[in-house]
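Some notes on the structure that comes next.
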Amino acid sequence: MSELAPFELNALPADAISQTLKFRDELTLVTSRERILEVLLHLRDVQKFEMLTDETCVDYFPQEPRFSILYQLYSISRNIRVRVKVILSEYDATLPSVYSIYENANWLEREIYDLFGIQFTDHPDLRRIMMPVGWVGHPLRREVPHKVEEVAFTFNRRRIDEGKIYASE
Amino acid sequence: MKTTFAEPAPLINDSPLNTVTSQDVQLDITFDQLKKLVSPRALTGETMLLNMGPQHPSTHGVLRLLLELDGETVISCIPDIGFLHTGIEKTAEDKPYLKGVPLTDRTDYLAPMSNNMAFCGAIEKLMGVDVPLRAQYLRVILLELTRMNSHLVWLGTHALDIGAMSVFLYCMREREMLLDIYECVSGARMMSSYFRPGGLWRDVPDSFFPLVKKVLDVFPGRVSDYEKLLKENPIWKERTIGVGKINAVDAVRYGITGPSLRGSGVKYDVRKAMPYSSYDHFDFEVPVGSNGDVYDRYRCRLDEFPQSLRIIKQALDKLPPGPVITDDRKIAPPPKHEIATSMESLIHHFKLWTEGFRVPESEVYFAVESGKGEYGVYISADGSAKPRRVHFRAPSFNNLQALSHMSRGCMLADLVAIIGSIDIVLGEVDR
Numbered sequence: 021m022s023e024l025a026p027f028e029l030n031a032l033p034a035d036a037i038s039q040t041l042k043f044r045d046e047l048t049l050v051t052s053r054e055r056i057l058e059v060l061l062h063l064r065d066v067q068k069f070e071m072l073t074d075e076t077c078v079d080y081f082p083q084e085p086r087f088s089i090l091y092q093l094y095s096i097s098r099n100i101r102v103r104v105k106v107i108l109s110e111y112d113a114t115l116p117s118v119y120s121i122y123e124n125a126n127w128l129e130r131e132i133y134d135l136f137g138i139q140f141t142d143h144p145d146l147r148r149i150m151m152p153v154g155w156v157g158h159p160l161r162r163e164v165p166h167k168v169e170e171v172a173f174t175f176n177r178r179r180i181d182e183g184k185i186y187a188s189e
Numbered sequence: 033m034k035t036t037f038a039e040p041a042p043l044i045n046d047s048p049l050n051t052v053t054s055q056d057v058q059l060d061i062t063f064d065q066l067k068k069l070v071s072p073r074a075l076t077g078e079t080m081l082l083n084m085g086p087q088h089p090s091t092h093g094v095l096r097l098l099l100e101l102d103g104e105t106v107i108s109c110i111p112d113i114g115f116l117h118t119g120i121e122k123t124a125e126d127k128p129y130l131k132g133v134p135l136t137d138r139t140d141y142l143a144p145m146s147n148n149m150a151f152c153g154a155i156e157k158l159m160g161v162d163v164p165l166r167a168q169y170l171r172v173i174l175l176e177l178t179r180m181n182s183h184l185v186w187l188g189t190h191a192l193d194i195g196a197m198s199v200f201l202y203c204m205r206e207r208e209m210l211l212d213i214y215e216c217v218s219g220a221r222m223m224s225s226y227f228r229p230g231g232l233w234r235d236v237p238d239s240f241f242p243l244v245k246k247v248l249d250v251f252p253g254r255v256s257d258y259e260k261l262l263k264e265n266p267i268w269k270e271r272t273i274g275v276g277k278i279n280a281v282d283a284v285r286y287g288i289t290g291p292s293l294r295g296s297g298v299k300y301d302v303r304k305a306m307p308y309s310s311y312d313h314f315d316f317e318v319p320v321g322s323n324g325d326v327y328d329r330y331r332c333r334l335d336e337f338p339q340s341l342r343i344i345k346q347a348l349d350k351l352p353p354g355p356v357i358t359d360d361r362k363i364a365p366p367p368k369h370e371i372a373t374s375m376e377s378l379i380h381h382f383k384l385w386t387e388g389f390r391v392p393e394s395e396v397y398f399a400v401e402s403g404k405g406e407y408g409v410y411i412s413a414d415g416s417a418k419p420r421r422v423h424f425r426a427p428s429f430n431n432l433q434a435l436s437h438m439s440r441g442c443m444l445a446d447l448v449a450i451i452g453s454i455d456i457v458l459g460e461v462d463r
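Residue numbers (the numbering used here), protein chains in the order written: chain V, 21 to 189; chain B, 33 to 463.
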């Protein structure tokens, strides 16, 4: 893909990118939540990243700040991908919704809200999407256990009934 | 199921709607939330709110749509998903990388090998592993068979929704041939889990090649049979042309990928754009539509059959001999005879089967073109044998999101055609 234009890092808004990571030809730009709308708008309109392929969250628990929100962008005209990352603290897990820039962020952000408990401001319809409405908690957070009950076999059945065994990790 | 409200008056308060409608229908949405999604006319009872699904045959699984109807015209369509949420991403965090492969089968259960490819490809990218050429070519053959498998189920159910019963029966008949190939290589007809990080589980048996040759011989005739049944069928054309239109700009804005995007005239195919598994060694065309309606999406998928057959033929002709899994013992198990003779192999085998392989701390995104669109896997590794986070970028999830845009102003009966044309699998939407 040598004929394609390389990524113009210098054209990005000044001081918006705090860190650039590169791993196996994947470029990751780390920015802050205050600048995220500005950066994505620039990437969409100036650098022609027309498509928000994916938006997701990673929980780095027990590190703090523990969340990072990832925006996986793709440019159809230039055939390159870039990932934009915003790092968030557990105690202030709020960031602006990018729905106004990429329409499909609607459900992607609902999913992040549902499974990680990240709040998106200015989101048009922030409701749970995967879990039932009455669900308490956010299951993809790292502190939520994978299983809540030990599986009963003949060898441990009695001790489970007596309450001596709980879910093992 | 109609959402019967006793009278419009109880709606004008802030209580949850399900208290208003009691046993009749459970709406998991409060009045304030609903107000933002439907037109004001729905709140006065002028238009009708209708529940479609989750147990409705034409929603292709457990998809629930809350429709606002003015007579038979759809004013707004609010999809409600999550009925099939099984926490696959959470489960994958608790399993070594190798054991994540069977989980991927269960996302898009009509195209298990495409999902395997995305997951294994992501792990290979993380570890920097080279896959032997024979494994890559066999993967290409199986991926194209998988694409045809996915498209056959789509075509059958889509045609059935619009009233063409016989196409469904023919498609299921042909699908048997593909499932036989799955069974021949992996032992399972649906949840194959045949791909492994670094290659394939084992080399294909000798009976694989006659089965694939039979597919190559039989399919061109069968595909033209489908075309005869549908392409010039006046009812089919009436039901599909000009229905569910979405233009190229909107399609990209909604993140639609795969044949649904190409039906709108955007030529984006991951196989061409960022070739994986040696797709760049083969000649094939990517069919593109222009109108972005149901008919064009149908054309794009149907035109992929001959291209898939073309790729399979080339891959079979060029198939090199050699191993089918990498000889990097850190991620691939040693062959049985080596375990009996070499202490080191025994240790590798023990480590792989008890702990799994460790992946250095890093993150990657790897995408493949599945039958439905761009199927991507994002893995964040924390240096241990289990991933910190696995995320599946499911094409159906993003494509389904555009349903409310496509169906605005269409007839209720056309909605069924539109759902069929975006080819969703709820296992993948909900994960």
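Backbone N, C-alpha and C define an ideal beta-carbon position, used for all residues, glycine too.
The model shown is predicted, which means the values in this text are computed figures rather than measured ones.
Following the continuous alpha helix (DSSP H) through residue i, name the residue where it begins and the one where it ends.
i: residue 74 of chain B; result: 72-75
i: residue 82 of chain V; result: No alpha helix (DSSP H) holds residue 82 of chain V; DSSP gives it neither H nor E.
i: residue 148 of chain B; result: 144-159
i: residue 139 of chain V; result: Taken as a continuous stretch (DSSP letters only), residue 139 of chain V belongs to no alpha helix (DSSP H), being part of the beta strand (DSSP E) at 139-141.
i: residue 329 of chain B; result: 326-350
i: residue 126 of chain V; result: 125-136
i: residue 364 of chain B; result: That residue, residue 364 of chain B, is in no alpha helix (DSSP H); it is neither H nor E in DSSP.
Kindly give me the distance between the Cβ atoms of residue i and residue j, rounded to whole angstroms, as I take these residues to be in contact under 8 Å.
i: residue 310 of chain B; j: residue 168 of chain B; result: 4 Å
i: residue 148 of chain B; j: residue 225 of chain B; result: 7 Å
i: residue 85 of chain V; j: residue 108 of chain V; result: 6 Å
i: residue 102 of chain V; j: residue 32 of chain V; result: 10 Å between Cβ atoms; not a contact.
i: residue 80 of chain B; j: residue 101 of chain B; result: 5 Å
i: residue 155 of chain B; j: residue 229 of chain B; result: 4 Å
i: residue 244 of chain B; j: residue 165 of chain B; result: Rounded, the Cβ-Cβ distance is 18 Å, inconsistent with contact.
i: residue 171 of chain B; j: residue 251 of chain B; result: 20 Å between Cβ atoms; not a contact.
i: residue 115 of chain V; j: residue 136 of chain V; result: Their Cβ separation, rounded to whole angstroms, is 12 Å, which puts residue 115 of chain V and residue 136 of chain V out of contact at 8 Å.
i: residue 321 of chain B; j: residue 297 of chain B; result: 6 Å
i: residue 530 of chain B; j: residue 90 of chain B; result: As shown, chain B starts at 33 and ends at 463. That puts residue 530 of chain B outside it, with no answer to give.
i: residue 158 of chain B; j: residue 413 of chain B; result: 6 Å
i: residue 198 of chain B; j: residue 329 of chain B; result: Residue 198 of chain B to residue 329 of chain B, Cβ: 21 Å. No contact.
i: residue 195 of chain B; j: residue 267 of chain B; result: 7 Å
Considering just the uninterrupted stretch of the beta strand (DSSP E) at residue i, what are its terminal residues?
i: residue 408 of chain B; result: 406-413
i: residue 11 of chain V; result: An answer regarding residue 11 of chain V cannot be provided, because it is not within the stretch 21 to 189 covered by chain V.
i: residue 248 of chain B; result: Not the beta strand (DSSP E): residue 248 of chain B falls in the alpha helix (DSSP H), residues 240-262.
i: residue 114 of chain V; result: 114-116
i: residue 273 of chain B; result: Counting along the chain, residue 273 of chain B falls outside any beta strand (DSSP E), and DSSP gives it neither H nor E.
i: residue 159 of chain V; result: No beta strand (DSSP E) holds residue 159 of chain V; DSSP gives it neither H nor E.
i: residue 81 of chain B; result: 80-84
Name the one or two DSSP bridge partners that residue i has.
i: residue 399 of chain B; result: B/408
i: residue 51 of chain V; result: V/37, V/106
i: residue 422 of chain B; result: B/411
i: residue 182 of chain B; result: In the DSSP output, where bridge partners are listed per residue, residue 182 of chain B has none listed.
i: residue 227 of chain B; result: B/232
i: residue 42 of chain V; result: V/47
i: residue 77 of chain V; result: V/89
i: residue 106 of chain B; result: B/101
i: residue 111 of chain B; result: B/97
i: residue 101 of chain V; result: V/94
Pick from the options: whose alpha carbon is nearest that of residue i?
i: residue 407 of chain B; options: B/129, B/259, B/77, B/151; result: B/151
i: residue 429 of chain B; options: V/138, V/180, V/127; result: V/127
i: residue 116 of chain B; options: B/350, B/87, B/248, B/271; result: B/87
i: residue 201 of chain B; options: B/214, B/212, B/186; result: B/186
i: residue 409 of chain B; options: B/373, B/460, B/453, B/205; result: B/460
i: residue 113 of chain B; options: B/450, B/433, B/454; result: B/433
i: residue 212 of chain B; options: B/246, B/192, B/260, B/286; result: B/246
i: residue 177 of chain B; options: B/126, B/217, B/357, B/297; result: B/217
i: residue 175 of chain B; options: B/199, B/270, B/146; result: B/146
i: residue 120 of chain B; options: B/446, B/452, B/426, B/449; result: B/426
i: residue 285 of chain B; options: V/63, V/113, V/76, V/121; result: V/121
i: residue 84 of chain B; options: B/330, B/208, B/98, B/363; result: B/98
i: residue 345 of chain B; options: B/357, B/249, B/308, B/391; result: B/249
i: residue 132 of chain B; options: B/437, B/446, B/411, B/462; result: B/411
i: residue 396 of chain B; options: V/65, V/45, V/119; result: V/45
Flag this pair as touching only if the region 333-347 of chain B and the region 230-238 of chain B have three or more C-beta atom pairs under 8 Å; answer yes or no.
-> no
Are the region 47-64 of chain V and the region 397-404 of chain B in contact at 8 Å, needing three or more beta carbon pairs?
-> no
Inspect the CB distances between the region 381-397 of chain B and the region 273-284 of chain B and report whether three or more fall short of 8 Å.
-> no
Counting Cβ pairs, one atom from each stretch, are 3 or more of them under 8 Å apart for the region 413-433 of chain B and the region 70-90 of chain V?
-> yes
Would you call the region 62-79 of chain B and the region 441-448 of chain B in contact, with 3 or more CB pairs under 8 Å?
-> no
Evaluate contact between the region 98-112 of chain B and the region 134-148 of chain B, counting only Cβ atoms and requiring at least three cross-stretch pairs below 8 Å.
-> no
Are at least three pairs of beta-carbons, each pair with one atom in the region 261-273 of chain B and one in the region 365-373 of chain B, less than 8 Å apart?
-> no
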